[in-house]
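Chains as they are written, first to last, in the working numbering: chain X, 1 to 412; chain U, 1001 to 1412.
Structure first, then comments.
There are 2 protein chains.
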Amino acid sequence: MTKEYVMKKVFALDKRYQLNDGAGSDAVHSTPNYAYAVCIIKTNSNIEGIGLAFTLGKGNDLVCKAIEHLSSHIEGKEINEMMRSFGSTYKKMADDPSYRWLGPHKGIIHLALAAIVNACYDLWAKSKGQPLWKLLIDLPSEELINTLDFSYIEDVLTRPEALQILNNANKEKAARKKILETGYPGYDTSVGWFNYEDEKIASNIKDTMDSGFTAMKLKVGGLDYKRDIRRAEMIRKIAGDNATIMFDANQQWNLPQAISMCESLKMLNPYWIEEPLHPDDVYGHVELAKEVDIKLALGEHVPNKVLFKNFLQSGSITFNQVDVVRVGGISEFILISLMSKKFNIPVVPHVGDMGQIHQHLVLFNHIALDHPALFLEYIPHLSSYFKNPACIENGHYRTPEFPGIGSDLLTY
Amino acid sequence: MTKEYVMKKVFALDKRYQLNDGAGSDAVHSTPNYAYAVCIIKTNSNIEGIGLAFTLGKGNDLVCKAIEHLSSHIEGKEINEMMRSFGSTYKKMADDPSYRWLGPHKGIIHLALAAIVNACYDLWAKSKGQPLWKLLIDLPSEELINTLDFSYIEDVLTRPEALQILNNANKEKAARKKILETGYPGYDTSVGWFNYEDEKIASNIKDTMDSGFTAMKLKVGGLDYKRDIRRAEMIRKIAGDNATIMFDANQQWNLPQAISMCESLKMLNPYWIEEPLHPDDVYGHVELAKEVDIKLALGEHVPNKVLFKNFLQSGSITFNQVDVVRVGGISEFILISLMSKKFNIPVVPHVGDMGQIHQHLVLFNHIALDHPALFLEYIPHLSSYFKNPACIENGHYRTPEFPGIGSDLLTY
Chain X
1 MTKEYVMKKV FALDKRYQLN DGAGSDAVHS TPNYAYAVCI IKTNSNIEGI GLAFTLGKGN
61 DLVCKAIEHL SSHIEGKEIN EMMRSFGSTY KKMADDPSYR WLGPHKGIIH LALAAIVNAC
121 YDLWAKSKGQ PLWKLLIDLP SEELINTLDF SYIEDVLTRP EALQILNNAN KEKAARKKIL
181 ETGYPGYDTS VGWFNYEDEK IASNIKDTMD SGFTAMKLKV GGLDYKRDIR RAEMIRKIAG
241 DNATIMFDAN QQWNLPQAIS MCESLKMLNP YWIEEPLHPD DVYGHVELAK EVDIKLALGE
301 HVPNKVLFKN FLQSGSITFN QVDVVRVGGI SEFILISLMS KKFNIPVVPH VGDMGQIHQH
361 LVLFNHIALD HPALFLEYIP HLSSYFKNPA CIENGHYRTP EFPGIGSDLL TY
Chain U
1001 MTKEYVMKKV FALDKRYQLN DGAGSDAVHS TPNYAYAVCI IKTNSNIEGI GLAFTLGKGN
1061 DLVCKAIEHL SSHIEGKEIN EMMRSFGSTY KKMADDPSYR WLGPHKGIIH LALAAIVNAC
1121 YDLWAKSKGQ PLWKLLIDLP SEELINTLDF SYIEDVLTRP EALQILNNAN KEKAARKKIL
1181 ETGYPGYDTS VGWFNYEDEK IASNIKDTMD SGFTAMKLKV GGLDYKRDIR RAEMIRKIAG
1241 DNATIMFDAN QQWNLPQAIS MCESLKMLNP YWIEEPLHPD DVYGHVELAK EVDIKLALGE
1301 HVPNKVLFKN FLQSGSITFN QVDVVRVGGI SEFILISLMS KKFNIPVVPH VGDMGQIHQH
1361 LVLFNHIALD HPALFLEYIP HLSSYFKNPA CIENGHYRTP EFPGIGSDLL TY
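So, in structure tokens, the structure goes:
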């Protein structure tokens, strides 16, 4: 008989980490700290589930409070039993009648849901002694589908269609497992934070290329657009024509500004322009995509499957940057990845989790859903705080082998 | 010299009110209480600003906490000085770099902003000894525009365009002031709460028509669609062909369900169908509007000007139900009303405030923006808790004459 893991107690911890010297800065978030609202599930055994939601420090306490408000939905349940029909548990939490008013499915209450859901998957994977990617790619399609909540997206993705996507992808699955040996490619975001001086960026570019990265990002979106252009030209010049370069405006522009800046920046052949507009503005992105021939990436601030559905329907985005510590955790991430597959839009997550959870999810997306293996964002600033920090070798994430989703912290 | 009102201390109170016997219930929010996160601004004088955000009880404490987090932006300022360029103060609060991560512009942190902004307008109106509607309609257009933050909507409404709308509406303003005497028409939502028995609804219909209302609403969206149809037929039969009837699904349906139910319900000639789908689903509403020839109303859960911009651009909605205790308070409400005017979509607010603030805002919208005076939702359940409860006579809101925005509560 399988051992039972009953969720005895669910609580939250507010963990904040100081960033220094301009690290993490962008055009909108000028002096961030990084913080996790950590959901901890204690069981009748010595294993525990650890889930994260990501914030920039201030207000992290509110997400923690919200985790404790929502925790009653899972307390007392046995993890493997619950995960057999997790889609319905997910829906109960997401649609808790009074908390739902505070969204629905967005903001602090949804961040709290992310932390809880992620902790459930962590406990589930640990209960099987498996890393998340292995648990997910070995799971029979029907069982995977049962962990998802299709409500409100049935007009573009039904349960049978999702099953079909999984079954189609199953055919060449074995061949795609090769990536487990080579590791999943990464790209370096920490080259060009907004508040870094030009000199620091120049030396960062050389360092990151020496360490094996061939793709990197620069923060733009300044009020001084000439500074943006100068630095963008610099990164292209130093990194060379073969390097993959992305520019990230972090929602700073309105539509007329975005059109003008994208026109200028496209001369530098960026792989994408990221978050050019307000993240709710579907029609704005449609208009921008019509006006300028450039690939758009967004998703780090898109809160839920419904808005992702709209962005996918709009045809405006080329890259889907869903973040598992922003949407309702791994369950909603998988659903959004399935929808994205239907629309042939690759998933290139934003890593509020510093890649700890996403390194599993991109392997799953590639192997089990047949998403292309592009690259995963890498941000090193919190690696000393994780028990098993993501390991980068020659610009690639080494496949993680420890049980769970990878979000155990060293100290609580 | 004008007296100065310095905002000495800003804090929040968590006020919750029990609802009984099915009042307030809908298909999604099954057993609500009503609650206000109340922002209180103490000044150097004996007047204070009182602002509200509305929730269904649970989680109201989190909105209160968020109010206290954001309050530092206004503490220490003088109210009339601040309101001269309130658009920039609004933007600073809405874009506070780290709190912004928790939205942006949605969820708990935006509800907190609503309460603070509303308290500022309350203090401003009280400092002039005027009811909000009078302050707003007498304000020179330029000064009104300075209280607004146009960022992210410049592609559909610029500052000069907004000014033009105000100036155009100025021409027949005097004639539209007649409504101050007749009072603004109301409609009765409390006839048909979801959990009310058929008998109670039948007697409510008669009572409300006896008291002078000619327009009323029924909650639908049940899993048992036959119950919805039966009750919809009942309300039409009892109220008669001349009554104005609305059906409200409170986001319960997905697109296929909404198409089918709207097809059935339209035989009963409803004035609108309210919240048929998830409130983020712009393309879903476009599809529904294409499939079924019926007027759609929504907005009570649309969090900000950017999503309202998208809904207006989409052409899918006929009525804009923006709620001043959901979006970022009176400033964002006015901006959304201006956008809505540009698209010729009437504003028929949802009244999380029980109409206390909106009774002022619909007068402003009609007199100063030349929006049609349709009707304002009326919900009586909290009237005994307000110091100056909205006064309904023969189905009309009597024009409020007390200074402020109308959200003073009897006890704190």
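Built from N, CA and C at the ideal position, the CB exists for glycine as well.
8 angstroms Cβ shell around residue i - same chain, five flanking residues per side excluded
i, result
"U:Val-1117", "Gly-1051, Tyr-1090, Met-1093, Gly-1328, Gly-1329, Ile-1330, Ser-1331 and Glu-1332"
"U:Pro-1400", "Pro-1131, Trp-1133, Gln-1359, His-1360, Asn-1388, Ala-1390, Cys-1391 and Gly-1406"
"X:Met-339", "Ile-153, Val-156, Leu-157, Lys-305, Phe-308, Lys-309 and Leu-312"
"U:His-1396", "Thr-1182, Gly-1183, Tyr-1184, Pro-1185, Gly-1186 and Gly-1212"
"U:His-1381", "Tyr-1017, Leu-1019, Ala-1023, Gly-1024, Tyr-1034, Ser-1190 and Met-1354"
Terminal residues of the alpha helix (DSSP H) in which residue i lies
i, result
"U:Leu-1144", "1141 to 1145"
"X:Leu-62", "60 to 70"
"U:Val-1117", "1107 to 1127"
"U:Lys-1237", "1225 to 1239"
"X:Ile-205", "198 to 210"
"X:Gly-406", "Looking at the DSSP string, X:Gly-406 is not in any alpha helix (DSSP H), and its letter there is neither H nor E."
"U:Met-1261", "1255 to 1265"
"X:Tyr-412", "Neither: X:Tyr-412 is in no alpha helix (DSSP H) and is coded neither H nor E."
Residue i, DSSP secondary structure in three states
i, result
"X:Met-354", "coil"
"U:Glu-1275", "coil"
"X:Glu-287", "helix"
"X:Ile-74", "coil"
"U:His-1366", "helix"
"U:Asn-1135", "Here residue 1135 of chain U turns out to be Leu, not Asn, going by the sequence shown. Helix at U:Leu-1135."
"X:Arg-176", "helix"
"U:Arg-1159", "helix"
"U:Ala-1012", "strand"
"U:Ala-1390", "coil"
"U:Phe-1213", "coil"
"U:Val-1414", "Only positions 1001 to 1412 of chain U appear in the structure, and residue 1414 of chain U is not among them; the question remains open."
"U:Phe-1150", "coil"
"X:Val-282", "helix"
"X:Glu-181", "helix"
"X:Tyr-385", "helix"
"X:Glu-377", "strand"
"U:Tyr-1005", "coil"
Start and end residues, beta strand (DSSP E) containing residue i
i, result
"U:Gly-1186", "1184 to 1192"
"X:Val-325", "Counting along the chain, X:Val-325 falls outside any beta strand (DSSP E), and DSSP gives it neither H nor E."
"U:Thr-1244", "1244 to 1248"
"U:Leu-1307", "Careful: U:Leu-1307 lies outside any beta strand (DSSP E), inside the alpha helix (DSSP H) at 1305 to 1314."
"X:Thr-89", "From DSSP, X:Thr-89 is part of no beta strand (DSSP E) but of the alpha helix (DSSP H) over 86 to 94."
"X:Ile-40", "34 to 43"
"X:Glu-48", "48 to 55"
8 angstroms Cβ cut-off: residues of chain X touching residue i
i, result
"U:Asn-1417", "Past the boundaries of the shown model lies residue 1417 of chain U; chain U is included only from 1001 to 1412, so the question cannot be answered."
"U:Val-1038", "None at all; the shortest Cβ gap to chain X is about 16 angstroms."
"U:Glu-1287", "Asp-155"
8 angstroms Cβ cut-off: residues of chain U touching residue i
i, result
"X:Ser-260", "Those within 8 angstroms of X:Ser-260 in chain U number zero; the least Cβ separation is about 13 angstroms."
"X:Ser-30", "Pro-1097"
Close Cβ partners of residue i (< 7 angstroms) along its chain, the five nearest in sequence each way excluded
i, result
"U:Thr-1208", "Asp-1188, Val-1191 and Met-1216"
"X:His-350", "Gly-299, Glu-300, Gln-321, Asp-323 and Glu-377"
6 angstroms CB neighbourhood of residue i in its chain, flanking five on each side removed
i, result
"X:Asp-228", "Val-220 and Gly-222"
"U:Leu-1136", "Phe-1364"
"X:Asp-96", "none"
"U:Ile-1336", "Lys-1305, Phe-1308 and Val-1322"
"X:Leu-123", "Ile-41, Gly-49 and Ile-79"
Proximal residues of chain X, C-beta to C-beta of residue i below 9 angstroms
i, result
"U:Glu-1438", "Any property of residue 1438 of chain U remains undetermined from this structure, which presents chain U solely from 1001 to 1412."
"U:Pro-1104", "Val-28, Gln-251, His-278, Pro-279, Asp-280 and His-301"
Partners in chain U for residue i, counting only beta-carbon separations shorter than 9 angstroms
i, result
"X:Asn-310", "Asp-1280, Asp-1281, Val-1282, Tyr-1283, Gly-1284 and Asn-1310"
Chain-ordered chain X contacts of residue i [CB-CB under 7 angstroms]
i, result
"U:Val-1306", "His-278, Asp-280 and Asp-281"
"U:Trp-1101", "His-29, Thr-55 and Leu-56"
Item to complete: Take every Cβ of the region 103 to 121 of chain X, pair it with every Cβ of the region 160 to 172 of chain X, and state whether three or more of those distances are shorter than 8 angstroms.
Response: They do not touch, by the three-pair rule.
Worksheet item: Is the number of C-beta pairs between the region 258 to 278 of chain X and the region 224 to 237 of chain X that are closer than 8 angstroms three or more?
Response: Output reads yes: the region 224 to 237 of chain X touches the region 258 to 278 of chain X.
Worksheet item: Can at least three beta-carbon pairs, one atom from the region 1029 to 1042 of chain U and one from the region 1058 to 1069 of chain U, be found at a separation below 8 angstroms?
Response: Flag = yes, the region 1029 to 1042 of chain U and the region 1058 to 1069 of chain U touch.
Practice prompt. Count the C-beta pairs between the region 297 to 304 of chain X and the region 71 to 90 of chain X that are closer than 8 angstroms, then say yes if the count reaches three, no if not.
Written response: Contact between the region 297 to 304 of chain X and the region 71 to 90 of chain X is absent, because fewer than three Cβ pairs lie under 8 angstroms.
Discussion item. Pairs of beta-carbons, one from the region 1073 to 1080 of chain U and one from the region 71 to 82 of chain X, closer than 8 angstroms: are there three or more?
Written reply: No, the region 1073 to 1080 of chain U is not in contact with the region 71 to 82 of chain X.
Discussion item. Closer than 8 angstroms is the cut-off here; do at least three beta carbon pairs connect the region 1019 to 1026 of chain U with the region 1193 to 1202 of chain U?
Written reply: With a cut-off of 8 angstroms, the region 1193 to 1202 of chain U and the region 1019 to 1026 of chain U count as touching, because enough Cβ pairs lie within range.
Discussion item. Which residues of the region 1049 to 1072 of chain U have a Cβ closer than 8 angstroms to any Cβ of chain C? Give them in chain order.
Written reply: Among the chains of the structure shown, chain C does not appear; the protein chains present are X and U.
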